[in-house]
Amino acid sequence: MIVSVRSSIVLLLCVLLSLYHFCTSGFGYLPGVGSRTHLVIHLVFGLSLVYLLYPLMKDGKRRYSVWLDYALAACCIGIGVYMMINLKSPSILSARMTFVDLLVAIALVVLVLEATRRVVGKALVIIAGVFIAYYFLGAYLLYPFRHSRADFERFFYEMSFTTSGIFGTPLTVSANYVFIFILFGAILEATGAGKMFIDLALRAFGRYRGGPAKAAVVSSGMLGSISGSSIANAVTTGTFTIPLMKKVGFKPHVAGGIEVAASSSGQLLPPIMGAAAFLMIEYTGYAYVEIIRSALIPALLSYLAILLMVHFEAVKNRISGLKREELVSGKSLLLRQGYLIFPIAVLIFFLASGKTVGNSAFFSIVILMVIAYFASLLQRRLPIGLLIAIVLSAVVYGMSAFFGWPVEIAVVCVLGVAIALLFVLLQRAAKQESQPLRFGLRELAAGLELAAKNALSVIVACATAGMMIGIVNLTGLSSKLPHIIVGFARDVASWLPSFAAAYSDSIQLYAALVLTVVACLILGLGLPTTATYVILAAMVAPALVTLGLPVMTAHLFVLYYGVLADDTPPINLPAYATAGIAGANPISTGVQGFKFDSGALLLPFAFVANPNLLLLNPDVSPWVLGLNIGTALLGIVALASFIQKWLFSAYRSYERWLAFLAALVLIHGSWITDAVGIAVLALLGVLTYRRRESASRSGEVEERAAGMGG
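Residue numbers for the sequence shown, in full-length UniProt numbering: 1 to 710.
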């Protein structure tokens, strides 16, 4: 009875939270709801769901904690109501909290940290605890970390009632941008699009060497860009792709590792980039279109690196692909579910045309629901479906005329019906027998529920990250960190011999970049990519800008290694998910995930040395850009072959290190180093190719000799 009541409450809260964000994205804030109240609603609903879905005690001990979880969820609601009523009270506006205000502030901080522990894990809470300790103990530290700004009441006031803490930029981005795209991905999943992307990728790559693994990389990239969660993406696609990878010969931990690498790197891939693109809007000041344009080439190169690593793995282990008869017909698949591609096209169109991020996602969700519903209805009941479509169009146009609804809603509704009708007619003309996936109220409710659940880790991580950024700003550490990193870089440069003085600036920059990589990999252990990027964007990226990097370059640099940190053992959360599906050891799976993601390990250094890869210079000629992309790709080939110990055949020891040398010089970007790298890689290609051909000929001779002997 308790379980059923809890499930009903959870479903209700999930649906309300998703519908609230859907409506605010399309129509703006509700009457009487301001920007701060909007954030309170976003956080309070998220916290309440966490305490209902993630118990204090698991398994058989849950019955002793269930009432405590209910009480904590109710406490979250109560705090939210109190804050919405009192946000403009004299005590809060004047920063002179009453005793009740202070209790509410303390309770909110504690509830956020406990919710983070339950959803994200202990790692982020421990890091937050270190920051809080730094705030209160700063007077006892040595320069340059010493500060004397600790004050008990001020801490909780800033964290709870201002935009310097929990309700800072990260939570604002989560509420205004991230949630609506998580909703888009969840409803897309409810329509069966995930399976469609996988089947399309299998159709394109399944017959080639290691085909299921290559299909996993492509489909995980498409879904990962939308979902924004490496774990959710790994589970969604891995359920289908990991068994297929094992079937053709990949070892279980290798199959799981490939899925980890592909799922995590989806957050680098435009047009959505998980949540990163929208966070970067706030932190860099660049427009959305500029961000995805700059991220495009590095993202494609990173996925080519994973595909190359998979290819080397398949070739050296003689893993074939699937048979043609095992693959779904591409024509049949597109006729059955090809309409699900149109909402993504609509999303890109509205974003490119200058609509706000929330509006663009709203219109894409509207057309997605209309297409999915009418594609299902018209296939079964064409006349009734057409009648409902006419009524719906009339109602929406009426709402636009009399209540001021955006006219684009009516346009996308009519367009959605037309697309659904077109596909139904094409299916009938082609005598397509298979039915489209059903999409009605039940599937819609499932999508709304899934969206709210998927957003919980982002909500609590952003709230906690906001606290850490608030502490950095309150203590003055934000202004000190760039000087600390720059000082370290200068110290490194001063240790070098005098003949290197001419390269002092470059040495300082690369020393700072190496330190940044280490910081990214450490700070990102066990954290969601969203939280990792927020911390790095506030603390590390400004130091790189101080050393002369363009703002876009600095932020994409920390984002890339923040994503890579998600794959770094031993706290590799996606690996635990895929290891369960693959039946493999999580640590081994995590190591393989990091390995397959390492093919592009040096790529950020390449676009630091060669900013043309980020398309920041509109005057660069196509020839120069093509050359830059080509040499970066060759550098990736060299590094991937070094990691896999294979090019056309297995490397000898000295050849492998020559490949690493080629990768290093190809990232520099000058014609001399490019020429050296290309020459070395060409030499390795000739040596390994001749060795492979020689082995092939000797194998044929042995087979003929065995046949004659027989």
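Ideal Cβ placement from N, Cα and C applies to all residues, glycine included.
This one's a predicted model, so the numbers in the text were calculated from it and none came from an experiment.
Query                                                                                                                                                                               : Result
Determine the burial state of residue 214: buried for a count of at least 16 other Cβ atoms within 10 Å of its Cβ, exposed for fewer.                                               : buried
What separation, rounded to the nearest whole angstrom, lies between the Cα atoms of residue 293 and residue 284?                                                                   : 14 Å
Exposed or buried, residue 88, counting other C-beta atoms within 10 Å across all chains shown (16 or more means buried)?                                                           : exposed
Could you round the C-beta distance between residue 457 and residue 528 to whole angstroms and report it? I think they count as a contact, below 8 Å.                               : 6 Å
Excluding the 5 residues preceding and the 5 following residue 508 in the sequence, name in chain order all residues of the same chain whose CB lies nearer than 8 Å to its CB.     : 486, 489, 490, 492, 493 and 547
Going along the chain, which residues of its own chain have a beta-carbon closer than 8 Å to the beta-carbon of residue 69, five neighbours each way excluded?                      : 51, 52, 55 and 56
Return the chain-ordered ranges of every alpha helix (DSSP H) run that is complete within the stretch 110 to 187 and spans a minimum of 4 residues.                                 : 122 to 137, 152 to 161 and 169 to 173
Spell out a yes or no on whether the stretch 153 to 173 and the stretch 108 to 115 are touching, meaning 3 or more CB-CB pairs, one atom from each, closer than 8 Å.                : yes
Please report the Cβ distance between residue 19 and residue 448, rounded to the nearest whole angstrom; I am assuming they are in contact, meaning their Cβ atoms lie under 8 Å.   : 7 Å
Would you check if the distance between the CB atom of residue 639 and the CB atom of residue 675 is smaller than 7 Å?                                                              : no
Taking the alpha-carbon of residue 376 as reference, which of 335, 355, 406 and 410 has the nearest alpha-carbon?                                                                   : 335
Count the other C-beta atoms from every protein chain shown that fall within 10 angstroms of the C-beta of residue 773, then say buried if there are 16 or more, exposed otherwise. : This structure leaves residue 773 out entirely; the chain is present only between 1 and 710.
For residue 279 and residue 534, which I take to be in contact (beta-carbon distance under 8 Å), what is that distance rounded to the nearest angstrom?                             : 6 Å
Does DSSP classify residue 95 as helix, strand or coil?                                                                                                                             : coil
Verify the contact flag: residue 195, CB atom, against every heavy atom of the ligand NAD, threshold strictly below 6 Å.                                                            : With respect to small molecules bound, the structure shown includes none, and the ligand NAD cannot be examined in it.
Report all residues from its chain with a CB closer than 8 Å to the CB of residue 328; omit the five preceding and five following residues, and keep chain order.                   : 199, 202 and 203
Give me, in chain order, the residues of the same chain whose beta-carbon lies closer than 7 Å to that of residue 10; leave out the 5 immediate sequence neighbours on both sides.  : 49, 52 and 53
When the Cα of residue 323 is compared with those of 506, 180 and 205, which residue comes out closest?                                                                             : 205
Let's see if you can read the secondary structure: which residues bound the alpha helix (DSSP H) around residue 549?                                                                : Neither: residue 549 is in no alpha helix (DSSP H) and is coded neither H nor E.
Within its chain, find whatever has a CB closer than 8 Å to the CB of residue 98; leave out the 5 residues flanking it on each side and keep chain order.                           : 91
Over what stretch of residues does the alpha helix (DSSP H) that includes residue 743 continue unbroken?                                                                            : With the chain running from 1 to 710 in the structure shown, residue 743 is simply not present.
Contact defined as beta carbons within less than 8 Å: I believe residue 677 pairs with residue 635. What is the distance between those atoms, to the nearest angstrom?              : 7 Å
Can you pull the DSSP bridge partners for residue 650?                                                                                                                              : 646
Would the beta-carbon of residue 187 fall within 7 Å of that of residue 368?                                                                                                        : yes
Count the CB pairs spanning the stretch 121 to 138 and the stretch 65 to 83 that are closer than 8 Å, and state whether there are at least three.                                   : no
Answer with buried or exposed for residue 122, where buried requires no fewer than 16 other C-beta atoms within 10 angstroms of its C-beta.                                         : exposed
Taking the straight line between their C-alpha atoms, what separation do you get for residue 740 and residue 542?                                                                   : Residue 740 lies beyond the stretch modelled for the chain, which goes from 1 to 710, so this question has no answer here.
By the 10 Å Cβ neighbour count, where 16 or more other Cβ atoms means buried, how is residue 679 classified, buried or exposed?                                                     : exposed
Buried or exposed: which applies to residue 60, given that a residue is buried once 16 or more other Cβ atoms fall within 10 Å of its Cβ?                                           : Note that residue 60 scores a pLDDT of 47, beneath 50, so its modelled location is shaky and nothing firm can be said.
Got a sec? Which residues, its chain only, sit under 6 Å from residue 459 by beta carbon, not counting five neighbours each side?                                                   : 46 and 174
Since residue 184 and residue 365 should fall inside the 8 Å C-beta cutoff, what is the C-beta to C-beta distance between them, to a whole number of angstroms?                     : 5 Å
Cα separation between residue 714 and residue 420?                                                                                                                                  : Since the first residue shown for the chain is 1 and the last is 710, residue 714 is missing from the structure and cannot be characterised.
Rounded to whole angstroms, what's the CA-CA distance from residue 710 to residue 230? Just pull it up for me.                                                                      : Confidence at residue 710 is low in this model, with a pLDDT of 47, below 50, so the placement of that residue should be treated as unreliable; the coordinate-derived value is given next. So the two alpha carbons sit approximately 55 Å from each other.
So does the stretch 612 to 619 actually touch the stretch 647 to 663, counting three or more Cβ pairs closer than 8 Å?                                                              : no
Please state whether the Cβ-Cβ distance between residue 463 and residue 43 is less than 7 Å.                                                                                        : yes
Can you give me the Cβ contacts of residue 595 inside the same chain, cut-off strictly under 7 Å, excluding the 5 residues immediately before and after it?                         : 257 and 643
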